[in-house]
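Q:
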Amino acid sequence: MSPTIYTIMLSSLATGTIITMTSFHWLMAWIGLELNTLAIIPIISTLHHPRSTEAATKYFLTQAAASAMILFSSMINAWNTGTWDITQMSFLPSNTLLAVALALKLGLAPAHLWLPEVLQGSTLLTALIITTWQKLAPMSLIFLSANNLPPMILLTLGIISSVTGGWAGLNQTQTRKIMAFSSIAHLGWMASITSISPNIMIMSLMIYLIMTTALFSSLIFSKSKTIQDTTTTWTLSPTLTITTMLVLLSLGGLPPLTGFLPKWLILEELITQNMSPLALMMAMSALLSLFYYLRLAYTTALTLAPNTLQMKFKWRFKPTTPPALMAFSTLAVFLLPLTPLILS
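According to this note's numbering, the sequence shown is numbered sequentially starting from 19.
(1) Buried or exposed: where does residue 20 fall if 16 or more other Cβ atoms within 10 Å of its Cβ makes it buried?
(2) Kindly identify the DSSP beta-bridge partner or partners of residue 363.
(3) From this set, 165, 200, 147, 190, which residue's C-alpha is nearest residue 54's C-alpha?
(4) Go ahead and label residue 44 buried or exposed: buried means 16 or more other beta carbons lie within 10 angstroms of its beta carbon, across all protein chains shown.
(5) With distances taken between CB atoms, is the gap from residue 132 to residue 80 smaller than 8 Å?
(6) In its own chain, which residues sit with a C-beta less than 6 Å from the C-beta of residue 92, not counting the 5 before and 5 after it?
(7) Can you name the start and end residues of the alpha helix (DSSP H) that residue 176 belongs to?
(8) Kindly list the residues whose CB is nearer than 7 Å to the CB of residue 278, restricted to its own chain and excluding five residues on each side of it in sequence; keep chain order.
(9) Label residue 152 either buried or exposed according to how many other C-beta atoms from any shown protein chain fall within 10 Å of its C-beta, with 16 as the threshold for buried.
(10) With a threshold of 16 other CB atoms inside 10 Å of the CB of residue 68, please say whether the residue is buried or exposed.
(11) Here's the rule: buried if 16 or more other CB atoms are within 10 angstroms of the residue's CB, otherwise exposed. What is residue 350?
(12) With distance defined between alpha-carbon atoms, name the residue in 31, 109, 318, 157 nearest to residue 265.
(13) Check whether the Cβ atoms of residue 168 and residue 244 lie closer than 8 Å to each other.
(14) DSSP three-state call for residue 150: helix, strand or coil?
(15) Among the residues of its own chain, which have a CB less than 6 Å from the CB of residue 60, if the five just before and after it don't count?
(16) If you measure between the beta carbons of residue 227 and residue 150, is that distance less than 8 Å?
(17) Assuming residue 184 and residue 306 make a contact with CB atoms under 8 Å, what is their CB distance in whole Å?
(18) DSSP has residue 192 in a bridge; who is on the other side?
(19) Below 7 Å CB to CB, which residues in the same chain sit around residue 229 once its five sequence neighbours on both sides are set aside?
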């Protein structure tokens with residue numbers, strides 16, 4: 019794809035998301051979602067490979083179905099209440115359908131099966147866009163309609179997603195599929211807190227975006243597509259090895275790293291609301307996710323790939339670690355002390 023066309027696609031992608039995030043009318047939100055979907059289809063299928071074509075087709079079908087369901091739910095609401103305002107969704111069947119549609123759009127379990135397949139058929143950079151930027155528009159709609167969405171459905175989607183994201187990720191060897199299940203688990207945590215505290219959900223989303231961008235940046239820099247590939251990261255840059263390990267531990271939610279903050283606040287809020295069994299299940303599911311993060315951290319920083327004495331250290335020739343990667347890695351690791359500032 020030529021740089022000009024690629025730039026146009028990326029700007030259309032950004033425009034679609036911004037239209038959705040800034041609109042209060044359902045039709046404008048739907049137009050933004052459609053523009054967003056149509057812009058990323060060529061980006062996914064740039065490889066001209068059967069797997070990427072399949073990924074683009076799967077992505078298009080799921081996103082089109084979800085957008086149609088969102089439009090249908092808003093039409094039913096407008097028919098019954100006479101308003102197209104996103105914040106005034108007061109008709110229960112519309113809210114239920116909207117929650118299911120947004121779950122499909124985000125990739126929340128049990129509507130998650132498209133996400134690992136689409137990421138596996140994309141490049142690492144496209145996978146980064148799908149797991150970060152593409153979550154903004156649906157999450158903004160969830161934030162705007164948080165007071166109206168059925169809490170029971172959101173909590174059920176949250177617990178199923180966090181367990182599925184942990185459990186299904188244990189069996190994976192491809193880093194993109196691991197990141198897909200990581201995304202499902204994190205979105206499950208956000209869905210479970212949405213109806214209780216939308217502000218914590220937004221904070222959790224911001225931290226998820228920072229951590230995922232940091233890890234994907236290191237995977238792109240080291241060209242690591244499988245767990246086996248991560249064993250050679252140490253030859254690229256010692257700094258990269260350490261930061262990747264810390265970002266992985268942060269994604270797992272270990273204190274005193276940034277990733278501990280959303281999990282801590284969400285569990286605390288759930289317990290305050292007398293939802294201790296749910297909080298326990300969420301905490302147990304976090305242990306499942308932690309296992310595959312630790313496995314990646316182990317292969318990245320603590321194993322030595324088979325090598326010969328004549329093997330050259332690549333970092334002696336190209337010691338530069340991208341500044342953007344270092345910035346995101348720093349944020350992904352050291353934000354916990356700023357908790358009071360973030361919450362205020």
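Positions of the beta carbon are idealized from the N, C-alpha and C atoms, including for glycine.
A: The answer reads as follows:
(1) exposed
(2) Missing from the structure shown is residue 363; the chain here goes from 19 to 362 and no further.
(3) 147
(4) buried
(5) yes
(6) 44
(7) 169 to 187
(8) 271, 272, 354
(9) buried
(10) exposed
(11) buried
(12) 318
(13) no
(14) coil
(15) 27
(16) yes
(17) 3 Å
(18) 244
(19) 265, 268, 269, 276, 277, 350
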